[in-house]
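Engineer: If you're matching positions, the sequence shown starts at -11 in our numbering and goes up one per residue.
Below is a structure I'd like to ask you about.
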Amino acid sequence: MIEVAGHPCEWFEPPDALPGRAVIYLHGVRERFLRESPALLAALAAARLRAIAPRTGRSWWLDRIQPEFDPAVTPERFVVDAVRLHLEQQGVKPGGMALVGTSMGGQGSLRISYRHPALFPIAAAIAPAIDFHHAMRDSYLEDDGELFANLWELYGDVERARQDTAILHVHPLNWPRHQWFASDPADHRWHDGAQRLHSKLVALGIPHTALLEARGGGHSPEFYNQVAPEAVQFIVAALDADARRIA
-11 MIEVAGHPCE
-1 WFEPPDALPG
9 RAVIYLHGVR
19 ERFLRESPAL
29 LAALAAARLR
39 AIAPRTGRSW
49 WLDRIQPEFD
59 PAVTPERFVV
69 DAVRLHLEQQ
79 GVKPGGMALV
89 GTSMGGQGSL
99 RISYRHPALF
109 PIAAAIAPAI
119 DFHHAMRDSY
129 LEDDGELFAN
139 LWELYGDVER
149 ARQDTAILHV
159 HPLNWPRHQW
169 FASDPADHRW
179 HDGAQRLHSK
189 LVALGIPHTA
199 LLEARGGGHS
209 PEFYNQVAPE
219 AVQFIVAALD
229 ADARRIA
């Protein structure tokens, strides 16, 4: 664990880490640590990629002040400013950074990259929880509804929340160059959002990779572990492509 701008972050560095490259990992709503993702860690180590994993609670990685995280800095700005600056101090420029996340963090990686495509041109999302307004609406019916309670505090209205979801931040002329996301049809709460995002990107002619076929596992660590190596393979290829582009 390290501290960045007063907040805890996990720091992972393989002994033979490549210079000038790093991944920012955004955790899910159940707040699992990066060290609890063995397949992702193994893939990062094999690719010789460093990783930093900010800890922000059930923040949904939004650009909204959440006092339980920070009274003055939003979770999104913490990633965009403080975490990015920390990586730059380690010799990693924007073209060498990639966002990756699971569940809440998956939608966060997409949403942040859509809002800041020049800074984060590479985003990968595993089982992204894109339509969080639906979970907010149905929270009183669900056994795990407390996971979404703070969305009511942040938005107070389902429609206001919908207008701030990742899909609504896709710009038809300004988008991240490299996008990847994976969702299992058995993920009944979140799969429709991934499908709708795929349809919108296709309609706009925006290049992306979407893995939406049945894998088994639904919305679970088992599914995360299945697709983590493919997410890292995509990130490595994207970093290579951007390195050639910058050169």
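Don't be surprised by glycine CBs; every beta carbon is placed ideally from N, CA and C.
Quick caveat, the model's predicted, so the values are computed rather than measured.
Touching or not, the region 47 to 62 and the region 75 to 86, by the rule of three or more beta carbon pairs under 8 Å?
Structural biologist: Contact fails: fewer than three Cβ-Cβ distances are below 8 Å.
Engineer: Which class does Q167 belong to by DSSP, given the choice of helix, strand or coil?
Structural biologist: Q167 falls in the strand class under three-state DSSP.
Engineer: Count the other CB atoms within 10 Å of the CB of V190; is the residue buried (16 or more) or exposed (fewer)?
Structural biologist: Exposed, by the Cβ-count rule.
Engineer: State the DSSP-derived secondary structure class of Q54, mapped to helix, strand or coil.
Structural biologist: It is a strand residue.
Engineer: Who are the near neighbours of A137 in its chain, counting only those whose CB is closer than 8 Å to its CB and skipping five residues on each side?
Structural biologist: S127, listed in sequence order.
Engineer: Below 8 Å between beta carbons: does that hold for V220 and L14?
Structural biologist: No, they are not a contact pair.
Engineer: Please classify M(-11): is it buried, with 16 or more other beta-carbons within 10 angstroms of its beta-carbon, or exposed?
Structural biologist: The residue in question, M(-11), is exposed, as its Cβ has fewer than 16 Cβ neighbours within 10 Å.
Engineer: Touch check for the region 158 to 178 and the region 186 to 206: three-plus C-beta pairs under 8 Å?
Structural biologist: In short, these stretches touch, since the Cβ pair count reaches three.
Engineer: Could you tell me the alpha carbon to alpha carbon distance between S91 and R232, rounded to whole angstroms?
Structural biologist: Computed Cα separation, rounded: 31 Å.
Engineer: Check whether the Cβ atoms of F66 and A(-7) sit closer than 8 Å, and answer yes or no.
Structural biologist: Cβ distance < 8 Å, so F66 and A(-7) count as in contact.
Engineer: Need the endpoints of the alpha helix (DSSP H) that V190 sits in, please.
Structural biologist: Here the alpha helix (DSSP H) through V190 covers H179 to L192.
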